[in-house]
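Q: Residue numbers (the UniProt record's numbering), protein chains in the order written: chain A, 1 to 381; chain B, 1 to 381; chain C, 1 to 381.
I am attaching a structure below and will ask some questions about it afterwards.
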Amino acid sequence: MWSCITDFFTYETTKSVVVKSWTIGIINRVVQLLIITYFVGWVFLHEKAYQSRDTAIESSVMTKVKGFGIYNNNDCELVLSQGASIFCIITKMITTENQIQGFCPETESKYVCKNAAACKAGKPAGNGIQTGNCVPLNATHKSCEIQGWCPAEVDTIRTIPMPEVEDFTIFLKNSIRFPTFNYTKGNFLPTITQQYIKTCNYDKVKNTYCPIFRVGDVVAYAGQNFTNLANKGGVIGIKIGWMCDLDKSDDMCKPEYTFTRLDAMSQKNAVSPGYNFRFAKYYKMDNGTDYRTLIKAYAIRFDVLVNGNAGKFDMIPTLINMVAAFTSVGIGTVLCDIILLNFLKGAEQYKAKKFEENIPDYILLSQSSKLYDMIFCFLNK
Amino acid sequence: MWSCITDFFTYETTKSVVVKSWTIGIINRVVQLLIITYFVGWVFLHEKAYQSRDTAIESSVMTKVKGFGIYNNNDCELVLSQGASIFCIITKMITTENQIQGFCPETESKYVCKNAAACKAGKPAGNGIQTGNCVPLNATHKSCEIQGWCPAEVDTIRTIPMPEVEDFTIFLKNSIRFPTFNYTKGNFLPTITQQYIKTCNYDKVKNTYCPIFRVGDVVAYAGQNFTNLANKGGVIGIKIGWMCDLDKSDDMCKPEYTFTRLDAMSQKNAVSPGYNFRFAKYYKMDNGTDYRTLIKAYAIRFDVLVNGNAGKFDMIPTLINMVAAFTSVGIGTVLCDIILLNFLKGAEQYKAKKFEENIPDYILLSQSSKLYDMIFCFLNK
Amino acid sequence: MWSCITDFFTYETTKSVVVKSWTIGIINRVVQLLIITYFVGWVFLHEKAYQSRDTAIESSVMTKVKGFGIYNNNDCELVLSQGASIFCIITKMITTENQIQGFCPETESKYVCKNAAACKAGKPAGNGIQTGNCVPLNATHKSCEIQGWCPAEVDTIRTIPMPEVEDFTIFLKNSIRFPTFNYTKGNFLPTITQQYIKTCNYDKVKNTYCPIFRVGDVVAYAGQNFTNLANKGGVIGIKIGWMCDLDKSDDMCKPEYTFTRLDAMSQKNAVSPGYNFRFAKYYKMDNGTDYRTLIKAYAIRFDVLVNGNAGKFDMIPTLINMVAAFTSVGIGTVLCDIILLNFLKGAEQYKAKKFEENIPDYILLSQSSKLYDMIFCFLNK
């Protein structure tokens, strides 16, 4: 029994050969130096491996658009969840007033007809369901008749986007929280005064923390041409990045604004470019019949995307990475041995020293008796 | 001093014993082979450990629903953020026309009363706040009176969903961007022509990249029965997956569409199944009094979920994983030693060779003088 | 050729020195024990390293607000995507009836003027674009004239929030799915009955799984004072957490509700506190002119945030981590060697045993002939 315990508490360490060779010695230390540099410089300093991270940022965004144009801008805000992180600003509209449920000629060019044969009853057309009749569209042409909201919209009308939009301002209010560290912050830095906000406009140089953005600037920062964008509509992303090192002072945790065009495809691709949608305002006549104003709106949609990444010193990752670093230093030996035993003069002698003379061959596996001995050693004694 | 430097630049390597045993030799190589296979096959080829990844995909989604039915579909789109990644299609409605603020009997069956005693003044009922009176509901029954929009809605009416919805089409436009690699792409592949889009309909076999989806197909792909879904309402998820290996050609980075029912619970659970909501259209009489049309709408809601994962060759992960692979090959020795020293015939002899004769015991720790020697060695000399 | 193969299948193992020292033996075992404890206790039991994880939870949220107050609550729901994960409840309103497009004095105090000189034509004011005239605002003051919706809103009116909101109830329906494991679940636990839902109200003690939440309770759980919140408006986050160990029974996978104020900044920061937005209802006169009712609404916005994390046993991570554990046990030796060779009495003797006598020095690198030998050994023979 006792011998088992003494056996248990003996310590085995590898027997080493010391090689007094400048070449290999220097190579060895250089390799070790590289490994240490990697861990200190990259893993610890750059990647901050001594911190625990929180990327599951909680965020709430509120927005307000200010500006006046020939169109009533509320329409767009109305139909989008106010103050949410998506909103849009209408740049041009095609309005079809006083539509009522009824029968009228289809306006889409491809439904122009000579006679009823060309019109399939029950088949949906551009603005309603075909009745199968071919009726006069205007003095010169006839078109398939549809049932639906009449008169049908003519969306080929040329309208010019309203230039005022370029001077509209977007007010952004963003509060964030890193749950792991229970750290909350907002894009209104403590330094910002009521007075400043009244007057400021964001720009990338001087007013990098002003929460009010001029539409024209945002579009420009996203690398877009306002006139084109306003004409076809599009989606602009306003990204708010929170990269916070909570080991540093609280003031260092600031929002960073970046701007991109999200529907990039619209530019490349000729097929259905831009962004537009339809909505309607509903009214009732005295006799109770519904009528509506249909609006096809071209708009710039703004998506506010918030992302964040906070780090704070933590014991566990620090320890794990230090152990990793220490043990990794040993890796150098692998490389050095290859050199030592193959490329160095007198490699043969090194080999002789490193490897002991061989042992006669045994092919068969024994009936793992040895293992049981070890176990019973504890049990039986 | 000099001796310190020479000491510093000596190289230590472990002394090894060479065992000429087929058994252990083959086992050793096999184990090493397995480890190499794992790293090459799984870590590098399958997991692509040589790439840096970007999963923080930026996405913008635009949607348009086309179709005509007995209900005006815009209602639903109107109240949802157009073109956003959530939209719905109303399948059936219960409409209560000409409601005005006033007093009327509650329609919910559980508020039927014999006399005022059963009605609690001030307590909210189904459609308004109780006045405490018990008033005639119809020829046979009386019900508690409420204050609110009157007449109160009767939502027990049986209405059938409109079948046209099955043939409605959903137009999806999705642009994505992988910020790390500044790679942008859209679900309109370059191969897609204006002509194709006019005519195509998505299906899992031939038109896997057509951005137009028939509602009926989507519902079917999600494994749902349209009639049931349309009747009770529900939420369908349209998932767009972008798994892109940016080391391969650009054409290989394509969207993959999958469809699931998101409110799965609604199926299992009898308690409040399906999806419905209420909204109202507001009108004014000439005398200025407000009145409204209340609509209880059963709808299919579509949530478009975009996720992505792009990889591109990067030196750092490649190096790290190669080092890991090389060093891991050594692990085999651990296993082999156990076998060698326990299960092989003549293990005793191996032991004798591997372990050198023991050294007499020293219990006490010295006053760590040795360490200081080493340090002073540099300082003092 | 044959000799190459035999060479290939020889097995090298390190030669070890056995040290019969209680001190070092115990230290060695203790260190190994610590390492094993870390892996078993932390890595496997706490971090569940034997499971593969899925955090890409798919979720669908439906909400319904019930309650009656002096304001018609639908307004707010109307303009927000119903049943989506963001909705709001209006607590107070400033209503401006019968606005028409026209000319009227600006109501914002800072546009009070003595004469036209103070008013800049074309410049936007608070409620419209200035005409450049200075017109009577009331008996005593004059103000710059604007063009826009008139009469201009006076949003300095004191209104009190409606207390009824505190008793409104929020009905939450949340279905989730972990795609990796194709596991679906909902916040209506199987144990919940139709009867229970009719009557229950969520509370943190007894009814932790009731899906109906009283607004007052939610606000309280978020650590807010209802009266203040209702007065200025704000954003409350309702977080639903799904932490599921799918190796355990299905009943263990339950939702956990937590509540926070998301626009935390609003509290700290005096600049634009709270949450409010504007929207309008549009009407038409018989003569076709549009008029509207503008509403400035103070509201409590509720964002429902769902997050989840499911784990299930998986062979690959289990194996990898077990290998890591086994090999890590060896790390102890590094520490022990340092002690053995520096701090232990008789360290010199240990050194003598561990390190073999040195080998003469060779500076120059040979022309890597040795390597080629090895390779050709296979080719030529």
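Backbone N, C-alpha and C define an ideal beta-carbon position, used for all residues, glycine too.
Which term fits Lys92(A), buried or exposed, when burial requires 16 or more other beta carbons within 10 angstroms of its beta carbon?
A: Residue mapping note: residue 92(A) aligns to position 92 of the first sequence, counting from 1. Lys92(A) should be labelled buried.
Q: Suppose only complete runs of 3+ residues qualify. What are the beta strand (DSSP E) ranges in the region 73-155 of chain C, listed by chain order?
A: Those beta strand (DSSP E) runs which fall completely within the region 73-155 of chain C and span 3+ residues are 86-105, 129-136, 142-150.
Q: Report the residue from Thr14(C), Leu34(C), Ile24(C) whose alpha carbon sits nearest the alpha carbon of residue 384(C).
A: In the structure displayed, chain C extends from 1 to 381; residue 384(C) sits before or after that span and is not available.
Q: Going along chain A, which residues have a C-beta under 7 Å from Val281(B)?
A: Start at 1 with the first residue of the second sequence, and residue 281(B) comes out as number 281. The sequence shown places Lys at residue 281(B), not Val. Here the neighbours are Tyr282.
Q: If the criterion is Cβ atoms closer than 8 Å, does the pair Tyr283(A) and Arg301(A) meet it?
A: Taking the first sequence and counting its residues from 1, the one referred to as residue 283(A) is at position 283. Taking the first sequence and counting its residues from 1, the one referred to as residue 301(A) is at position 301. Not closer than 8 Å, so no.
Q: What are the boundary residues of the beta strand (DSSP E) that includes Thr333(A)?
A: Here residue 333(A) refers to the residue found at position 333 when the first sequence is read from its first residue. From DSSP, Thr333(A) is part of no beta strand (DSSP E) but of the alpha helix (DSSP H) over 332-342.
Q: Do Gly102(B) and the ligand SAH come close, with the Cβ less than 7 Å from some heavy atom?
A: The ligand SAH is absent from the structure shown, which contains no ligand whatsoever.
Q: List, from N- to C-terminal side, the alpha helix (DSSP H) runs of 4 residues or more that fit wholly inside the region 181-240 of chain A.
A: Here the runs fully enclosed are 194-199, 215-221, 226-232.
Q: Any chance the region 11-28 of chain B sits against the region 333-346 of chain A, with 3 or more Cβ pairs inside 8 Å?
A: Output reads yes: the region 333-346 of chain A touches the region 11-28 of chain B.
Q: If you measure beta-carbon to beta-carbon, which residues of the region 290-321 of chain B are closer than 7 Å to chain A?
A: Going along the region 290-321 of chain B in chain order, one finds no residue with a Cβ nearer than 7 Å to chain A.
Q: Does residue 386(B) get closer than 8 Å to chain A when you measure Cβ to Cβ?
A: Absent from the model: residue 386(B). The displayed extent of chain B is 1 to 381, so no value can be given.
Q: Short of 7 Å in beta carbon distance, which residues of its chain neighbour Asp314(A), apart from the five on each side in sequence? Order them along the chain.
A: Taking the first residue of the first sequence as 1, we reach residue 314(A) at position 314. Around Asp314(A): Gln51, Ser52.
Q: What did DSSP end up calling Lys296(C) once you bin it into helix, strand or coil?
A: Within the third sequence, the letter at position 296 stands for residue 296(C). Strand.
Q: Check whether the Cβ of Arg53(C) lies closer than 8 Å to any Cβ atom in chain B.
A: Translated into the one-based positions of the third sequence, residue 53(C) becomes position 53. Not an interface residue.
Q: Comparing alpha-carbon positions, which option in Ile24(C), Thr6(C), Val17(C), Lys20(C) lies nearest Leu344(C)?
A: Within the third sequence, residue 344(C) is the residue found at index 344, counting from 1. Considering only alpha carbons, the answer is Ile24(C).
Q: Express the C-alpha separation of Gly223(A) and Phe279(B) in angstroms, rounding to a whole number.
A: What you label residue 279(B) is simply residue 279 of the second sequence in a count that begins at 1. What you label residue 223(A) is simply residue 223 of the first sequence in a count that begins at 1. So the alpha carbons of these two residues sit roughly 40 Å apart.
Q: For Tyr283(C), does the three-state DSSP call read helix, strand or coil?
A: Here residue 283(C) corresponds to residue number 283 of the third sequence, with the count starting at 1. Correct three-state label for Tyr283(C): strand.
Q: Using the rule of at least 16 other Cβ atoms within 10 Å of the residue's Cβ for burial, across every protein chain shown, is Pro190(A) buried or exposed?
A: If you number the first sequence from 1, residue 190(A) lands on position 190. So Pro190(A) counts as exposed.
Q: Beta carbons nearer than 9 Å to chain A: which residues of the region 6-23 of chain B have them?
A: Hits within the stretch, in order: Thr6, Phe8, Phe9, Thr10, Tyr11, Glu12, Thr13, Thr14, Lys15, Ser16, Val17, Val18, Val19, Lys20, Ser21, Trp22, Thr23.
Q: Met62(A) CB to nearest chain C CB: under 8 Å?
A: Translated into the one-based positions of the first sequence, residue 62(A) becomes position 62. Yes - at least one Cβ of chain C is within 8 Å of the one on Met62(A).
Q: Per DSSP, Gly311(A) forms a beta bridge with which residues?
A: Here residue 311(A) refers to the residue found at position 311 when the first sequence is read from its first residue. Answer is Arg53(A), Asp245(A).
Q: Output, in sequence order along the chain, the residues in the region 224-252 of chain B whose CB is closer than 9 Å to any CB in chain A.
A: Cβ contacts with chain A come from no residue of the region 224-252 of chain B.
Q: Strictly under 8 Å for the Cβ-Cβ distance: is Cys4(A) near chain B by that measure?
A: Locating residue 4(A) in the first sequence gives position 4, counting from the first residue. False, the Cβ-Cβ gap to chain B never drops below 8 Å.
Q: Give a yes or no on whether the minimum CB-CB distance between Asp263(C) and chain A is below 8 Å.
A: Reading the third sequence from its first residue, position 263 is the one you call residue 263(C). Cβ-Cβ to chain A under 8 Å: yes for Asp263(C).
Q: Compare the beta carbon distance of Phe226(B) and Gly233(B) with 8 Å and say whether it is the shorter of the two.
A: Within the second sequence, residue 226(B) is the residue found at index 226, counting from 1. Within the second sequence, residue 233(B) is the residue found at index 233, counting from 1. For Phe226(B) and Gly233(B), no; Cβs fall outside 8 Å.
Q: Can you list, in chain order, the residues of its chain whose CB lies under 8 Å from that of Ser21(C), leaving out five sequence neighbours each side?
A: Start at 1 with the first residue of the third sequence, and residue 21(C) comes out as number 21. Only Leu340, Leu344 meet the Cβ criterion.
Q: Quick check: the region 195-205 of chain A against the region 118-131 of chain A, are at least 3 beta-carbon pairs closer than 8 Å?
A: These segments do not touch.
Q: Counting only C-beta atoms, is Pro124(C) closer than 8 Å to chain A at any point?
A: Locating residue 124(C) in the third sequence gives position 124, where the first residue counts as 1. Yes, its Cβ sits closer than 8 Å to a Cβ of chain A.
Q: With a Cβ-Cβ cutoff of 8 Å, do residue 403(B) and Tyr209(B) count as a contact?
A: This structure does not reach residue 403(B), given that chain B is present from 1 up to 381, and the question cannot be answered.
Q: Touch check for the region 137-148 of chain A and the region 96-103 of chain A: three-plus C-beta pairs under 8 Å?
A: The answer is yes - the region 96-103 of chain A touches the region 137-148 of chain A, with three or more Cβ pairs under 8 Å.
Q: If you draw a straight line from the C-alpha of Asp245(B) to the C-alpha of Asn321(B), how long is it?
A: Here residue 245(B) is taken as the residue at index 245 of the second sequence, counted from 1. Here residue 321(B) is taken as the residue at index 321 of the second sequence, counted from 1. Those two C-alpha atoms are separated by around 19 Å.
Q: What are the residues that DSSP puts in a beta bridge with Tyr11(C)?
A: Locating residue 11(C) in the third sequence gives position 11, where the first residue counts as 1. According to DSSP, Tyr11(C) bridges with Val19(B).
Q: Can you confirm whether Thr107(B), when its beta carbon is compared against all beta carbons of chain C, has any partner nearer than 8 Å?
A: Numbered from its first residue, the second sequence carries residue 107(B) at position 107. Closer than 8 Å: no.
Q: Spell out the partners DSSP gives Asp290(B) in its beta bridges.
A: Position 290 of the second sequence, counted from the start, is the residue given in the question as residue 290(B). Lys284(B), per the DSSP bridge assignment.
Q: Val165(C) and Ile212(C) look like a contact to me (Cβ under 8 Å); what is the Cβ gap, rounded to whole Å?
A: Mapped onto the third sequence, residue 165(C) falls at position 165. Mapped onto the third sequence, residue 212(C) falls at position 212. Val165(C) to Ile212(C), Cβ: 16 Å. No contact.
Q: Taking Cβ to Cβ, would you say Pro105(C) is nearer than 8 Å to Val135(C)?
A: Working through the third sequence from its first residue, we reach residue 105(C) at position 105. Working through the third sequence from its first residue, we reach residue 135(C) at position 135. Going by C-beta atoms, Pro105(C) is nearer than 8 Å to Val135(C).
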